[in-house]
Amino acid sequence: MPLHRYTPQTTPCKLCGDGFDHPQSADAPALTACPTCGQQVARAPFQPTFTPKLLKPLSVSDAKTAGFKVFKRTSGGEFERQ
Numbered sequence: 285m286p287l288h289r290y291t292p293q294t295t296p297c298k299l300c301g302d303g304f305d306h307p308q309s310a311d312a313p314a315l316t317a318c319p320t321c322g323q324q325v326a327r328a329p330f331q332p333t334f335t336p337k338l339l340k341p342l343s344v345s346d347a348k349t350a351g352f353k354v355f356k357r358t359s360g361g362e363f364e365r366q
């Protein structure tokens, strides 16, 4: 079930803050009042989230140059630093 973002139409609420997320099916009508405080709300426009696209697969040498510690699992089940 998708989440929809609702924001109060007047000042921010002391209970809900600047808005809330509400799980709602696609065919259900939009909420007109907050279920917690009863204040009038409106559905906020959808804001897509962008994830960065990796140009190439990450390698051990890339991780080391970026400053990360790289570990490898040994046959005994423990980890040793590479």
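Heads up: the sequence shown runs through residues 285 to 366, numbered per the numbering used here.
Cβ coordinates follow ideal geometry from the N, Cα and C atoms, glycine included.
- Cβ neighbours of Gln308 within its own chain (closer than 6 angstroms, five residues either side excluded): His288.
- Here Asp346 carries a helix assignment [DSSP, helix/strand/coil].
- Counting along the chain, the unbroken beta strand (DSSP E) around Asp305 starts and ends at 304 to 307.
- Ala326: member of the beta strand (DSSP E) spanning 325 to 327, first to last residue.
- Taking C-alpha positions only, Lys353 is separated from Ser343 by approximately 12 angstroms.
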